[in-house]
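Colleague: Can you keep this structure in mind? I'll have questions shortly.
Below you can see the structure in the form of structure tokens.
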């Protein structure tokens, strides 16, 4: 029989008729044809701060999500025991360091098609800085400039520093550099 493609299940009725020229020499069989399992597309990679609540969504897949799996810092995938299209996983920091979580879903279409994995979605979780110290001249003449320095401990560089007045954001800041 030739392969059938498309959404599933597709009912098909196959009839076999031997070419003997005699009537009533046919046999038929109802067959349900399932489309090949498809892992779909998954949420793009994310970078978040610790205590964030990210989500991961699988879309465009064909079949049923059998399970979600997670791998932490490359340590091998383990089951999450969840089978919904969107999960809101717990992503705590491990050992006070940047932690990388990788998520994938196992999808199977119908009772006979092989299971497939979705693409992987990576969530990088950065620890928060533990302290910051602002230093520099505290007295200047109007119209003069000064250099301020923020020394940041913990977290992952480069940082973002915001200062007032003016609500000015300094992106890509490295601890100890002049602002």
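Numbering (the working numbering), first residue to last: -3 to 175. We put the beta carbon where it would ideally sit given N, CA and C, even for glycine. Keep in mind it's a predicted model, so treat the numbers as computed, not measured.
(1) Would you be able to state if there are at least three C-beta pairs under 8 Å between the stretch 62 to 78 and the stretch 137 to 145?
(2) Using the Cβ count rule (16 or more neighbours within 10 Å means buried), how would you classify residue 36?
(3) Looking at the unbroken beta strand (DSSP E) that takes in residue 98, where does it start and where does it end?
(4) Measure the alpha-carbon distance for residue 146 versus residue 158 and round it to whole angstroms.
(5) Here's the rule: buried if 16 or more other CB atoms are within 10 angstroms of the residue's CB, otherwise exposed. What is residue 87?
(6) By DSSP, does residue 45 sit in helix, in strand, or in coil?
(7) I need the straight-line Cα distance from residue 82 to residue 29, nearest angstrom please.
Modeller: In terms of the structure at hand:
(1) no
(2) buried
(3) 95 to 104
(4) 11 Å
(5) buried
(6) strand
(7) 28 Å
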